[in-house]
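Chains X and A supply the protein sequences, listed in that same order.
If you count the first sequence from 1, you need to add 359 to reach this note's numbering.
If you count the second sequence from 1, you need to add 52 to reach this note's numbering.
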Amino acid sequence: MPREEDPQIEVSGGAVMVAMPGATPKEILNVIVKPLERRIREIKGVEHVYGTAMNNFGIVNVQYFIGEERESSNLKLYDKVMQNMDQLPKGTMPPLVKPFDIDIDIPILTAAFYQLPNAKIDTVKLYKTIRELQQEINALDNVSKTTLKGVKRPQFNLLVDIGKLAAYHISLGQVAHAIKSISTNAPMIDTENNTGKLVVFGVENAIDTIDDLKELIIAEYMGSPIYLKNIADVEYSYDIQNYQTALIDYQMGMSTEPEKIKKNEHRKREGKEELKKEVSFRPESEQITMTVSKLKGTNAVLIAEEAIEKIQEAKEELRHAGVGFIITRNYGVRADEAVNELVHHLEITIFIIMLILIPFLGLRESLVVTIAVSMILATTLFIAQLTGQTINRITLFAFLLSLGLIVDDAIIVIENIHRRLHLDIDKKSVDEIIVQATDEIGPSTNIATIAIILTMVPMAFVGGMMGQFMKPIPLNVPVGLAVSLFVAYVFAPYLARKFINFKKIKKEVLAHHAKAHEEKETNGEEKA
Amino acid sequence: MKFEQFLLRILESKRNRWIVIGLVLLALMGSVMMIPTKLVLAKMLPGKSANTFSIYIDTATNASIKEIREVAQCVVQELKKEPEVTDMETFLGQGAPLDYAGLVKGSAFKRFQNQAEIVVNLTDKKYRDEPSFMMVHRIRPRIQRTCGSLYPNTTIKFIEMPSGPPTLATIVVEVYAKDDKMLRKTAQRVAQILGETEGLVDIDIMLDDIYTTYMLSPNKEKIIRSGLSVDQVNKIIYLGFKGMPVAVKNTKDQQDQVPIFVRLNDDSRIVTGESKAALEKKLSALRLMNQRGMMVPLIEVVDIKKRSSSPTIFRKDLKNLAIITAECDMVSQVYPLLDAREKMLEMMQDEYNMSKVPGISTFMFDLNAVDKKTDEPVLIRWAGEMKVSLDTFRDLGGAFIAALILMFLLMVVYYKSFALSGIVLAGSFLSIIGVIVGHWITDKISLAFADVNFFLTATSLIGFISLMGISARGSLLLIDFSRSLMQDEGMEKNHAIARSTATRAKPILMTAVAIILGSLLLSTDPIFGGLGIALIFGSIAATLVALFFIPVLMSNAKAMDPHIEESLCHDDSEEEKKSGRICVLTDNIKEMLFPPKECNDDDNEPLRHQDLVTKFTDILKNLLRQIKESLQKWRKK
């Protein structure tokens with residue numbers, strides 16, 4: 360079954376952004392936000408509408424009730440905005456509808472790529488290297504989206520010196536115009552030549568390298584041409600206007616042996632209990648974080664593993680290029696740990712229950728209960744898988760919770776068989792006793808189990824985040840209980856028939872009776 | 053058997069029975085009183101230790117990226133003193149990769165220069181002594197003191213991984229008012245009170261700061277005369293000071309286009325100082341070319357005016373509001389909230405007429421404030437985790453009541469008696485004693501060993517609801533057994549009850565032990581600990597109740613008495629049952645679906661009223677039979 364740490368909560372909503380250059384927040388509020396809010400309020404299933412009016416643009420965030428289906432919610436929002444396009448005030452740019460799901464997928468894996476100390480690689484080159492890797496990871500199965508954070512994109516920067524502009528009598532507009540006019544991309548032209556063959560030719564973008572830019576003639580001053588390099592610093596680097604930066608600080612050794620550091624092994628000192636107090640950090644450096652999200656209902660553990668494998672494969676290549684990386688988030692491992700821990704708990708619990716039952720019922724009887732419980736859990740898991748649930752913390756808690764409830768049915772049936780056997784084995788056949796014993800507690804067990812199922816069902820109607828979060832409990836516990844009832848009536852008596860040593864019990868009972876009889880007789884004799 | 057004798061002693065004496073009932077009621081009262089007296093603290097969901105936490109930094113609205121970088125670096129430097137920190141990722145001007153907390157805290161929407169997030173990764177919690185929430189608790193004041201004071205209006209918030217569904221903040225106060233100034237004033241007042249409340253940290257007002265801006269207003273006459281246009285002026289200023297890509301170049305070997313970006317260089321662009329004169333100086337160097345090819349200095353055609361910024365307007369559900377958020381430092385959110393609310397009622401009395409919102413709803417903590425001078429109404433609403441908790445508790449409470457009703461109906465269908473159904477329900481409800489006392493004990497234990505409070509949480513409530521069913525089973529088996537003992541073997545009522553309780557004690561104990569052991573491992577979990585504790589102590593209580601209290605109730609109930617009439621009219625069918633069929637099970641289901649229509653016991657048979665006609669014919673039949681019998685007797689005589 361697909362593993363996850365937390366169940367996925369379906370949050371649907373979106374944002375509508377409308378820009379109106381030059382408007383103040385008050386204007387935006389009255390002209391854009393208020394009418395838009397009203398329109399959006401008309402959509403069914405909307406819980407809250409958040410309006411934000413800023414300078415130059417307004418945003419209306421829409422939040423649907425939790426559990427509303429995402430696709431149809433997005434469609435409804437888009438539809439509503441498009442229907443009212445005609446009411447848009449003058450001077451606004453077309454509205455941008457951005458459904459949440461673009462931003463809202465929680466990445467299961469993030470890795471920070473940074474420049475290794477004393478390696479020379481610029482941010483642009485770093486970006487190019489990571490971009491290649493991102494392509495590869497995106498191609499993995501069940502990966503829904505990968506993004507890069509802290510990216511510096513390559514860019515030609517022309518930083519104009521205002522003094523020189525003034526000296527050469529050039530305006531900034533002229534510079535922009537000159538660049539715009541020379542860098543155009545045109546499609547190839549195909550035409551026929553005189554022999555009827557196809558000739559293809561095209562106009563190349565005149566700017567190809569940084570030198571082409573530098574040598575660009577902007578204007579003429581006093582008869583001599585003025586090149587771009589004369590009035591501006593021209594460089595090929597990254598997008599300087601983008602202030603979004605990502606930095607990383609990490610302990611020494613995180614790039615080579617992260618496992619050791621995570622386990623605090625590097626701080627151990629020879630012969631001493633206490634850990635070292637000081638650790639050393641590498642100096643801060645810029646980084647690019649790659650995030651990997653998975654498709655809904657897929658196995659976080661596998662996807663994270665595959666993605667890490669891909670990164671590890673590229674490790675040498677990266678190191679060669681002077682790039683190191685740290686896995687900064689791995690929900691796959693967390694999911695695996697959480698699930699394994701809980702499965703372990705389940706096993707321990709079943710084992711303890713078995714041990715506890717031995718003195719009460721005997722080894723074979725307690726074995727029957729244990730087998731019955733395992734059968735119940737397996738069947739419930741199977742049903743959960745059929746209904747397309749993932750296995751996560753909450754599902755497992757539902758199992759742990761139901762464990763205490765489902766052993767009950769089996770225990771009560773087996774206990775009654777056990778009791779009845781000791782009572783009537785000399786009088787009736789074993790089959791008859793087993794059937795009667797199961798039958799005897801039948802009605803009350805039925806009612807009790809139905810009662811527990813009934814108490815669980817209303818929990819499915821708890822709304823909001825919390826309701827969604829704990830949905831696996833009302834989904835799985837009643838199923839487990841129903842299965843347990845079935846197993847307790849069908850398999851438990853059968854298993855009891857197969858496993859319990861009737862001869863021994865019969866012997867014991869007969870011996871007991873004989874003893875009682877003897878005692879009675881001796882008592883009688885004494886009295887006599 | 054000893055237990056049987058003991059029970060019989062209780063049952064036989066009226067005084068002893070009352071003592072048991074009294075003790076149970078006392079225990080119930082006592083345990084329920086533990087909640088309002090704060091012996092047991094309630095909370096939505098407890099914290100959990102994680103291997104990571106985040107820090108959100110916000111500086112003043114008009115702060116630049118450089119300032120926030122400084123603050124972030126300060127925070128990082130402080131964190132480097134912590135040996136358990138393995139790595140930190142700082143994201144300036146953007147949110148960190150989305151996580152569960154960021155989902156609702158608007159992390160994905162961060163894009164301004166005054167916002168930053170730091171992700172702090174710690175060593176594996178298995179190899180670390182200090183839980184992450186304790187660490188945050190320890191370093192929070194230090195970092196806020198050293199780094200929060202670098203620039204005014206800086207807030208540094210510590211975001212821990214939520215153990216359950218995430219919320220915007222633990223405590224969220226929404227202030228609704230129409231007037232912007234009023235909103236601002238009230239919000240600041242509320243924030244101040246929250247700040248003074250013990251246990252609350254990371255207080256933040258989500259409102260823009262108001263700062264000075266400079267407006268360049270184009271002088272129309274001058275612009276037209278010099279042959280320029282306002283549009284041109286706008287564009288050139290933007291291009292010069294902010295810069296923009298004017299063209300792009302496609303590349304063959306790269307996935308992106310390469311933009312060509314034009315801007316003034318730093319020497320010509322960066323304004324020295326914050327004064328109007330400095331701005332004027334920079335602008336004067338910028339010249340525009342008019343239609344005639346003449347250069348016109350920009351400063352000639354515009355006037356510079358000083359103005360305060362217009363802050364962003366926030367709205368929720370079509371109303372203007374301001375949001376104040378706060379986090380709880382290792383305490384339940386309920387008590388600081390109530391404290392702060394009391395304080396607000398008291399301290400804001402000088403400017404406002406304060407009143408509580410009447411009625412009981414999930415908004416029941418809201419306050420109405422009316423300004424004394426302007427008569428303007430302001431609504432102070434508590435949202436955040438409190439609202440989610442109240443909603444959840446309300447829904448769970450609803451689920452609980454629904455479960456109670458459903459169970460009661462089921463019992464009534466089964467027993468055809470209100471009294472017996474009541475006994476079963478009472479038995480299951482009383483496990484609440486165990487649940488509450490259990491939380492109190494665990495709280496004390498956890499305080500003694502780990503110095504952490506153990507709260508009554510939503511999961512405890514889930515545990516309690518599921519317990520009801522479990523303890524119902526014990527009572528059910530008891531009642532069924534005693535009834536069959538009385539009917540089949542003709543035992544006396546109290547003897548039958550004592551005997552059946554003694555017989556059923558073993559399976560009841562066994563199932564209880566199974567549940568307790570099953571939940572033992574559950575109770576160490578941060579989230580589902582409450583559920584574990586509820587199950588463990590609840591089933592202890594349920595067992596005690598089933599073994600002592602239920603027998604007493606049964607003995608008191610008239611419905612337990614064997615029905616003479618019933619045995620009369622059951623006569624023929626009883627015979628059939630014994631001889632022919634062994635499967636009571638299928639019969640039972642049959643009976644449940646098609647309740648037998650005969651028998652008229654006068655005490656309690658609510659469901660059978662449904663069929664008055666059959667009842668009437670039954671009575672007639674009975675009468676006829678009796679007449680026949682008496683006739684026969686008379687003849688014999």
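Quick reminder that beta carbons are idealized off the backbone N, C-alpha and C, glycines included.
Is A:Gly479 buried or exposed, if buried means 16 or more other CB atoms sit within 10 Å of its CB?
-> buried
Using a C-beta cutoff of 8 angstroms, does A:Phe143 count as contacting chain X?
-> yes
Between the Cα of X:Ala758 and those of X:Asn414, X:Gln442 and X:Gly839, spot the shortest distance and give me the residue it belongs to.
-> In the sequence under discussion, the amino acid at residue 758 of chain X is Phe, which differs from the Ala named in the question. Among X:Asn414, X:Gln442 and X:Gly839, the Cα nearest to that of X:Phe758 belongs to X:Gly839.
From which residue to which residue does the beta strand (DSSP E) around A:Ser407 run?
-> Tyr404 to Lys408
Examine chain X for any beta-carbon lying closer than 8 angstroms to the beta-carbon of A:Arg433, and answer yes or no.
-> no
Residue closest to A:Asp391, alpha-carbon to alpha-carbon, out of A:Glu248, A:Ser571 and A:Gly436 | A:Glu248
Residues that DSSP places opposite A:Gly436 in a beta bridge | A:Ile223
Do X:Glu396 and A:Leu370 have their CB atoms nearer than 8 angstroms?
-> yes
Spatial neighbours of X:Asn658 in its chain, beta-carbon cut-off 7 angstroms, leaving aside the 5 residues before and after | Pro361 and Arg362
Have a look at X:Met649, X:Phe515, X:Tyr597 and X:Val638 and flag the residue whose alpha-carbon is nearest the alpha-carbon of X:Gly612.
-> X:Val638
Is the CB-CB distance between X:Thr488 and X:Ala680 below 8 angstroms?
-> yes
Given that A:Val440 touches chain X, what residues does it touch there, using C-beta distances under 9 angstroms?
-> Gly823, Met824 and Met825
Put A:Ser631 into one of helix, strand or coil per three-state DSSP.
-> At A:Ser631 the pLDDT is 40, less than 50, meaning the model places this residue with poor confidence; the figure from the coordinates comes in the next sentence. It is helical.
Does any residue of chain A bring its CB to less than 8 angstroms from the CB of X:Arg723?
-> no
When A:Thr553, A:Gly251, A:Ala221 and A:Met258 are compared against A:Arg236, the one with the closest alpha-carbon | A:Met258
Assumed close pair X:Thr903, A:Leu573 - CB separation to whole angstroms, cut-off 8 angstroms = Given that chain X is displayed from residue 360 to residue 887, the structure contains no residue 903 of chain X and the question cannot be resolved.
Beta-bridge partners of X:His407, as assigned by DSSP = X:Gln422
Proximal residues of chain A, C-beta to C-beta of X:Glu774 below 8 angstroms = Lys558, Pro559 and Met562
Quick one: is A:Val137 buried, meaning 16 or more other Cβ sit within 10 Å of its Cβ, or exposed?
-> buried
Just by C-beta distance, which residues in the stretch 453-478 of chain A are closer than 7 angstroms to chain X?
-> Ala454, Ala455, Leu458, Met459, Leu462 and Tyr466
Give, in chain order, every unbroken run of the alpha helix (DSSP H) that is at least 4 residues long and sits entirely within the stretch 659-732 of chain X.
-> 659-672, 674-679 and 690-720
DSSP puts X:Val651 in a beta bridge; with which residues?
-> X:Leu468 and X:Thr505
Should A:Tyr108 be flagged as near chain X, meaning a C-beta pair shorter than 8 angstroms?
-> no
Use the C-beta contact count for X:Phe820: other C-beta atoms within 10 angstroms, 16 or more gives buried, fewer gives exposed.
-> exposed
Count the other C-beta atoms from every protein chain shown that fall within 10 angstroms of the C-beta of X:Lys439, then say buried if there are 16 or more, exposed otherwise.
-> buried
Can you tell me which of the three DSSP states A:Asn286 falls into?
-> helix
Thinking just about the alpha-carbon of each residue, which of A:Thr222, A:Ile485 and A:Gly158 is nearest to the one in A:Val253?
-> A:Thr222
Counting only beta-carbon atoms, is X:Ser432 nearer than 8 angstroms to chain A?
-> no
For X:Leu468 and X:Ala855, the rounded distance between their alpha carbons = 49 angstroms
Have a look at A:Asp319 and X:Val377 and give me their C-alpha separation to the nearest angstrom.
-> 35 angstroms
8 angstroms Cβ shell around X:Tyr580 - same chain, five flanking residues per side excluded | Tyr527, His528 and Ile529
DSSP three-state call for A:Thr207: helix, strand or coil?
-> strand
Using Cβ-Cβ distances below 7 angstroms, what residues of the stretch 152-170 of chain A are close to chain X?
-> Tyr152, Leu155, Ala160 and Gln165
Straight-line gap, A:Asp639 to A:Tyr466 (C-alpha atoms, nearest Å) | With a pLDDT of 48 at A:Asp639, under the threshold of 50, the predicted position of this residue should be treated as unreliable, though the coordinate-derived value follows. Distance between the alpha carbons of A:Asp639 and A:Tyr466 is about 12 angstroms.
Straight-line gap, A:Phe445 to A:Ser512 (C-alpha atoms, nearest Å) | 11 angstroms
Could you name each continuous alpha helix (DSSP H) segment of 4 residues or more that falls completely within the stretch 801-882 of chain X, going from the start of the chain to the end?
-> 823-828 and 831-858
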